[in-house]
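In the numbering used here, the protein residues as written are 32 to 160.
Glycine included, C-beta positions come from ideal geometry on N, C-alpha and C.
Since the structure comes first, as structure tokens, the remarks are kept for the end.
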Ligand code: 5GP
């Protein structure tokens with residue numbers, strides 16, 4: 032069965048897209064730890080990140096690096112953190128999170144954003160790519 036993220040890639044489920052290549056997609060997390068929280072995924076529907084074939088894994092890391100650099104320019108923060116969990120969605124993904132304190136990395140305190148705020152931050156990150 033196609034993962035939620037594969038449905039986001041196909042456009043069946045809407046998302047706030049930040050960046051897209053032939054093989055990868057970056058979009059905003061719908062329940063962000065902090066404004067600008069972005070998910071980077073391979074278009075290949077593989078559950079666990081370390082099960083990706085080596086070129087796809089390294090490509091995902093490089094794609095995530097480029098998005099993280101743009102994110103740090105777009106969203107004022109102490110630094111951008113990278114986390115891999117995958118307990119909720121069985122499609123490999125990297126979380127990029129603007130961090131100002133450890134709280135932002137803990138997936139407990141969430142930030143509520145309006146549609147316009149999601150749209151604005153997605154466009155801003157994309158503008159630095
Ligand atoms: P994980 O699998 O790493 O534990 O968490 C999955 C992440 O995907 C969560 O942070 C959650 O908010 C996000 N997420 C789950 N479903 C959707 C969705 O339909 N759209 C978006 N943009 N994010 C989602």
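Legend entry - Beta carbon of residue 49 nearer than 8 Å to that of residue 157: On the chain shown, residue 49 is found 18 positions in, with the first residue counted as 1. On the chain shown, residue 157 is found 126 positions in, with the first residue counted as 1. Closer than 8 Å, so yes.
Inset, instruction - Flag this pair as touching only if the region 94–103 and the region 59–66 have three or more C-beta atom pairs under 8 Å; answer yes or no. - result: no
Inset, instruction - Return the Cβ separation of residue 111 and residue 130 in integer angstroms, given the expectation that the two are a contact with Cβ distance under 8 Å. - result: For the purposes of this step, residue 111 is taken as the residue at position 80 of the chain shown. For the purposes of this step, residue 130 is taken as the residue at position 99 of the chain shown. Confirmed, about 7 Å.
Legend entry - Any non-hydrogen atom of the ligand 5GP within 7 Å of residue 183 CB: Summary: the structure shown does not reach residue 183, with the chain confined to residues 32 through 160, and so no result is reported for it.
Inset, instruction - Mind the definition here: the region 103–119 touches the region 128–143 only if three or more C-beta pairs lie below 8 Å; say whether that holds. - result: yes
Inset, instruction - Have a look at residue 79 and residue 32 and give me their C-alpha separation to the nearest angstrom. - result: Counted from its first residue, the chain shown places residue 79 at position 48. Counted from its first residue, the chain shown places residue 32 at position 1. Cα-Cα distance, rounded: 15 Å.
Inset, instruction - Using the Cα positions of residue 37 and residue 93, report the straight-line distance between them to the nearest angstrom. - result: For the purposes of this step, residue 37 is identified with residue 6 of the chain shown, where counting begins at 1. For the purposes of this step, residue 93 is identified with residue 62 of the chain shown, where counting begins at 1. Each residue's Cα considered, the two are about 20 Å apart.
Legend entry - Given residue 136 as reference, the closest of 154, 84, 115 and 75 once Cα atoms are compared: Indexing the chain shown from 1 puts residue 136 at position 105. The candidate whose alpha carbon is nearest that of residue 136 is 115.
Legend entry - Sub-8 Å separation of residue 72 and residue 55 beta-carbons: Translated into the one-based positions of the chain shown, residue 72 becomes position 41. Translated into the one-based positions of the chain shown, residue 55 becomes position 24. Going by C-beta atoms, residue 72 is nearer than 8 Å to residue 55.
Inset, instruction - List in chain order: all unbroken beta strand (DSSP E) runs of 3+ residues lying wholly within the region 91–116. - result: 110–114
Legend entry - Separation of residue 119 from residue 43, as counted between CA atoms: One-based indexing of the chain shown puts residue 43 at position 12. One-based indexing of the chain shown puts residue 119 at position 88. Their Cα atoms are separated by approximately 19 Å.
Legend entry - Contact under 8 Å by Cβ, residue 40 with residue 74: Stepping through the chain shown from its first residue, residue 40 is reached at position 9. Stepping through the chain shown from its first residue, residue 74 is reached at position 43. For residue 40 and residue 74, yes; Cβs fall inside 8 Å.
Legend entry - Contact test: residue 46 Cβ vs the ligand 5GP heavy atom, cutoff 7 Å: Residue numbering aside, residue 46 sits at position 15 when the chain shown is read from its first letter. Residue 46: yes, Cβ under 7 Å from the ligand 5GP.
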